[in-house]
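Asker: Every number in the numbering used here is 613 more than the matching position in the sequence shown, counting from 1.
Cβ coordinates follow ideal geometry from the N, Cα and C atoms, glycine included.
Fair warning: this is a prediction, and the values are worked out from it, not measured in the lab.
Provided herewith is a single structure, encoded as structure tokens, for subsequent inquiry.
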Amino acid sequence: MQTKSVKKKQVAVRDMDLDQFVRMVRGEEIFVPDDADLRAAERAFSFLKEFAKDKVIYGINTGFGPLAQYHISESEADRLQYNLVRSHASGLGAPLPDITVRAMMLSRAMTFLLGHSGVSMPLIERILLFLEHGVCPTVPQHGGVGASGDLVQQAHLGLALIGEGTGTYQGSRRPMAEIHKALGIAPVELHLRDGLGTVNGTACMTGIAAINVVHAWSLLDHALDMGALINEIVGAYDDHLSAELNSVKRHDGQNWVAEQLRERMAGGARTKKRHDHLYNGEQREDGSVFEDKVQEHYSIRCLPQILGPMVDTLRRVESDVMAELLSVDDNPVVDHDRGTVYHGGNFHGDQIALAMDQLKLAIVKLSMLTERQLNFLLNDKVNGRFPPFLNMGRPGLDYGLQGIQFTAVSTTAESQALSTSLYVHSIPNNNDNQDVVSMGTNAAWSAAKVIDNTAQVMAIQSLALAQAVDIAGLSGHLSKSNERFYSAVRRLAPAITKDSHAGPMIEAIRSELIVPDLFQA
């Protein structure tokens, strides 16, 4: 049972937005189905039960996949559903974090409530009970190919619903039979197409994808904070962020990023006007060297052009993920209003697979950008203003932030390796019945790993930025936004004036500032 009072929120599935979905996944609100959605789901089940009596309906009176040609008698129909769940609960690897399993469960329940799946009401109610009481089935990371949906991962949900397998409850992992006993409930009984409805569809990949989108926006928001701060630290010219320059390139993301950076740097005294320095008409001898840098490095000057495409990509990806989240991703699809059942492939996860590959590429590039900004601050030969490795101690005896650069470089390299597309890694299987698959769950989980990696690199860079502010004596002289970011870092990590173990400080910045609850809940 939950130990704290959480507000229940009745929401129609079609009205669900991403923020509300994530709040419910995190347990900040309890999802209560809309009455009309409940009636639609109940009608679909009743209609399908009657409709299937004298018709051949896939997965009710037929086998599955390439074995669909085999007829299943009515007396064996329930057994068929149990066999499907048990045979396909074959995943391996570490369990998915509870927050992703909760996202999968809520996504599946939402699909059922759209009234086109034809599953029983006790099945829907049990998933919602698991969500309300914090029960998370153990779902392995490996197994889904994302084509007849996330068959393997969602079969582990089915296993938990019938009281088998394991799950987490009240902070510990234990047998589901024990969890059912603790809750005073009996396992769900599977009827009609309850097993197929549970394992079919894209709930696992879509749930992970929804969380990825929220975390990616958080990374981007902090990338803007960090980009504004590094511009102010180096005293860059401000024209590369001007509306006049950026508006002549017709990309919404670029112009939005430039505007965001201008707002976050507003009120700061460090940025320079080109007219006050290089455009002031001062005569210079041929061959003389300018004291002020004419143009900053690309990792500082080209932030609108680098972060802008990430913004545009995230907007597209969020739209695709929300469309999938609010869709009927089942097969067959029950149409109560027209009095028929359609057979097709709405379970196929290509939309999410491609979206997650796109998101992953954007976040890998963000990691690369952050690592280059870190290198700029640590390399005195490049920045020309700070001691090597932002060392506040004695060079040679003390090493400043030298060690953390290795971690940033290593982690960025891993993300670059993970940037390989999963969308194009289709492998035929299932007796070639599934001859083109999406690998959507792999794509979503790979993107999640890259997000986690990038959060670590950004936490490292945050520490370096704060160190640079201290060395330059800029605290109290920054824009309000930059001062807030600097202070937020310093609340979690003091200046490194002598060699010390930086790992716990970096982890505190990552977990409490950059992306709170990143796949930890």
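When the distance is taken between beta carbons, is Gly704 closer than 8 angstroms to Val758?
Answerer: No, Cβ-Cβ distance for Val758 and Gly704 is not below 8 angstroms.
Asker: For the stretch 678–711, list the alpha helix (DSSP H) runs that are entirely contained and at least 4 residues long, ordered along the chain.
Answerer: DSSP runs (the alpha helix (DSSP H)) wholly in the stretch 678–711: 690–701.
Asker: Which value, in whole angstroms, describes the spacing of the CA atoms of Val861 and Ala829?
Answerer: So the two alpha carbons sit approximately 27 angstroms from each other.
Asker: Inspect the beta-carbon positions of Gln986 and Gln1074 and report whether they are closer than 8 angstroms.
Answerer: Yes, the pair counts as a contact, with Cβ atoms nearer than the cut-off.
Asker: Report the residue ranges of all beta strand (DSSP E) runs contained in full by the stretch 934–985; include only those spanning at least 3 residues, in chain order.
Answerer: As far as the stretch 934–985 is concerned, its whole beta strand (DSSP E) runs of at least 3 residues are 946–948 and 953–955.
Asker: Looking at the secondary structure, which residues open and close the beta strand (DSSP E) in which Pro646 lies?
Answerer: Here the beta strand (DSSP E) through Pro646 covers Glu642 to Pro646.
Asker: In the DSSP assignment, find the unbroken alpha helix (DSSP H) run with Gly771 in it and report its ends.
Answerer: Here the alpha helix (DSSP H) through Gly771 covers Leu764 to Leu774.
Asker: What are the partner residues of His755, as DSSP defines its beta bridges?
Answerer: In the DSSP output, where bridge partners are listed per residue, His755 has Leu705.
Asker: Using a Cβ-Cβ cut-off of 6 angstroms (strictly less than) and excluding sequence neighbours within five positions of Gly776, which residues of its own chain qualify?
Answerer: Excluding sequence neighbours, Gly776 sits near Met789, Ala790, His793 and Pro800.
Asker: When you compare the CB positions of Asn825 and Ile1119, do they come within less than 8 angstroms of one another, or not?
Answerer: No. Outside cutoff.
Asker: Can you tell me which of the three DSSP states Cys817 falls into?
Answerer: Three-state DSSP puts Cys817 in a helix.
Asker: Inspect the CB distances between the stretch 835–846 and the stretch 876–883 and report whether three or more fall short of 8 angstroms.
Answerer: In short, these stretches touch, since the Cβ pair count reaches three.
Asker: From the DSSP output, in three-state form, read off Asp851 for me.
Answerer: DSSP places Asp851 in coil when its eight states are reduced to three.
Asker: Alpha carbon to alpha carbon, what distance is there between Pro945 and Ile673?
Answerer: Going from the Cα of Ile673 to the Cα of Pro945 covers about 10 angstroms.
Asker: Quick check: the stretch 812–826 against the stretch 959–976, are there 3 or more CB pairs under 8 angstroms?
Answerer: Enough Cβ pairs lie closer than 8 angstroms, so yes.
Asker: Is the stretch 1081–1100 in contact with the stretch 983–1003, if contact means three or more CB pairs nearer than 8 angstroms?
Answerer: At 8 angstroms Cβ cutoff, the stretches touch.
Asker: Return the residue from the list Thr811, Ser686 and Met723 that minimises the CA-CA distance to His769.
Answerer: It is Thr811 whose Cα lies nearest to the Cα of His769.
Asker: What first and last residue would you give for the alpha helix (DSSP H) that runs through Pro788?
Answerer: No alpha helix (DSSP H) contains Pro788, which is instead part of the beta strand (DSSP E) from Ser785 to Pro788.
Asker: Quick one: using the 10 Å Cβ neighbour count with 16 as the cut-off for buried, is Tyr1036 buried or exposed?
Answerer: By the 10 Å Cβ count, Tyr1036 comes out buried.
Asker: Going by DSSP in three states, Thr926 sits in which element: helix, strand or coil?
Answerer: In the structure shown, Thr926 sits in a helix (DSSP, three-state: H, G or I).
Asker: Excluding the 5 residues preceding and the 5 following Gly921 in the sequence, name in chain order all residues of the same chain whose CB lies nearer than 6 angstroms to its CB.
Answerer: Here the set comprises His864, Gly866, Gln867 and Val870.
Asker: Please determine, among Val1049, Gly1116, Gly952 and Met935, the residue with the shortest C-alpha to C-alpha distance to Phe634.
Answerer: Comparing Cα positions, the closest option is Met935.
Asker: Please list the terminal residues of the continuous alpha helix (DSSP H) segment that includes Val635.
Answerer: Element bounds for Val635: Leu631 to Val638.
Asker: In chain order, what residues of the same chain lie with their CB nearer than 6 angstroms to the CB of Met969, ignoring the 5 residues before and after it?
Answerer: Excluding sequence neighbours, Met969 sits near Ala822, Ala1056, Ala1057 and Ala1060.
Asker: Do Thr1025 and Val995 have their beta-carbon atoms positioned less than 8 angstroms apart in this structure?
Answerer: Against a cut-off of 8 angstroms, the Cβ pair of Thr1025 and Val995 comes out as no contact.
Asker: Can you tell which of Asn959, Thr1067 and Val1102 has the C-alpha that lies nearest to the C-alpha of Ser1051?
Answerer: Comparing Cα positions, the closest option is Asn959.
Asker: To the nearest angstrom, how far is it from the Cα of Glu984 to the Cα of Val977?
Answerer: Those two C-alpha atoms are separated by around 11 angstroms.
Asker: In angstroms, rounded to a whole number, what distance separates the CA positions of Pro646 and Ala657?
Answerer: Using only the alpha carbons, I get a separation of about 16 angstroms.
Asker: Near Gln873, what residues of its chain come up, given a Cβ to Cβ distance below 6 angstroms and the 5 sequence neighbours on each side ignored?
Answerer: So the qualifying residues of the chain are Leu837.
Asker: Measuring CA to CA, which of Gly814, Gln971 and Glu845 is closest to Met717?
Answerer: Comparing Cα-Cα distances from Met717 to each of Gly814, Gln971 and Glu845, the minimum goes to Gly814.
Asker: Between the stretch 1087–1106 and the stretch 1009–1016, do at least 3 Cβ pairs fall closer than 8 angstroms?
Answerer: These segments do not touch.
Asker: Could you give the distance in angstroms between the alpha-carbon of Val847 and the alpha-carbon of Val827?
Answerer: Taking the straight line joining both Cα atoms gives about 31 angstroms.
Asker: Look up Pro1000 in the DSSP assignment and say whether it is helix, strand or coil.
Answerer: Coil.
Asker: Who does Cys915 pair with in a DSSP beta bridge?
Answerer: DSSP output for Cys915 lists no bridge partner at all.
Asker: Once the 5 residues before and after Ala702 are set aside, which same chain residues still bring their CB inside 6 angstroms of it?
Answerer: Contacts found: Ala768, His769 and Leu772.
Asker: Closest by CA to Met603, which one among Leu631, Cys749, Val1022 and Asp667?
Answerer: With the chain covering only 614 through 1134, there is no way to say anything about residue 603.
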